[in-house]
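All remarks here apply to the structure that follows.
Numbering (full-length UniProt numbering), first residue to last: 1 to 82.
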């Protein structure tokens, strides 16, 4: 592994939602680690699905804006000379 540090890409607001896992001294450590990993993976999948929905919504709005014709330019009103 290289000496480069990996930066967390996760938004801060999700950090508060993470569950804290307590290790049971009498329990199976590997089982607990697996459960923790599965919970984190599920949370990651939910976040990815939410990001995907948001992306689709934004792309749909953008496409609708491109399809709509631009508003007609305002015509200058010239005063009529009697």
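The beta-carbon is built from N, C-alpha and C at its ideal position, and this holds for glycine as well.
The alpha helix (DSSP H) enclosing residue i, as first and last residue numbers
{"i": "residue 47", "result": "29-67"}
Any non-hydrogen atom of the ligand GTP closer than 8 Å to residue i Cβ
{"i": "residue 41", "result": "Among the components modelled here there is no ligand, and therefore nothing to report on the ligand GTP."}
Exposure of residue i, with buried meaning 16 or more beta-carbon neighbours within 10 Å
{"i": "residue 15", "result": "Model confidence at residue 15 stands at a pLDDT of 49, short of 50, so the residue's coordinates are unreliable; what they give is reported in the following sentence. Exposed, since its Cβ has fewer than 16 Cβ neighbours within 10 Å."}
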